[in-house]
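**Student:** After the structure tokens below, expect a handful of questions from me.
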Amino acid sequence: MTRLWTMAALVGLMAFSAIPALAHHGWRWTTGDNIELTGIIRTAKLGNPHGVLTVDAEGEMWTVEVGQPWRNERAGLKDGDLAEGVEVRIVGEPSADMKERLMKAEKIYLGDREYLLYPGRD
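With my numbering applied, the sequence shown corresponds to residues -7 to 114, in that order.
As structure tokens, then:
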């Protein structure tokens, strides 16, 4: 019986700890309005379920969700485009809690080139 309770507690703990990770998938956590962010990429972790950039925008560090690898590739981004030290302009939806400094990218600009991650979203 003790082993059953231990297993139940572990499953419950794992489910509870996954809630913050699930909270930032999709668009529900955003404001629904776009902002523009320009800065220098300080870190880039690209991969599944989506890439994450840390962008220094005038001394404020922002976390920016970019697309899944297939979405980035479809937009025309190549390996190394989103790398440390690259200046980037991002249009996307910020978190409803602006103190988080978190946004989901819809469009990325490297120089004058536009990379549209989510066609049809405004």
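Every residue gets a Cβ at the ideal spot worked out from N, C-alpha and C, and that includes glycine.
Nothing here was measured: the structure is a model prediction, and the numbers come from that model.
1. Along the chain, where does the beta strand (DSSP E) containing P61 start, and where does it finish?
2. Which residues mark the beginning and the end of the beta strand (DSSP E) in which G77 is found?
3. Does the Cβ of K70 have 16 or more other Cβ atoms within 10 Å, making it buried, or fewer, making it exposed?
4. For the pair the region 61 to 77 and the region 86 to 97, tell me if three or more CB-CB distances fall below 8 Å.
5. Can you tell me whether K70 is helix, strand or coil according to DSSP?
**Tutor:** Once the coordinates are examined:
1. Segment P61 to A67 is the alpha helix (DSSP H) holding P61; no beta strand (DSSP E) there.
2. From DSSP, G77 is part of no beta strand (DSSP E); its letter is neither H nor E.
3. The residue in question, K70, is exposed, as its Cβ has fewer than 16 Cβ neighbours within 10 Å.
4. Touching, no.
5. Residue state, collapsed to three classes: coil.
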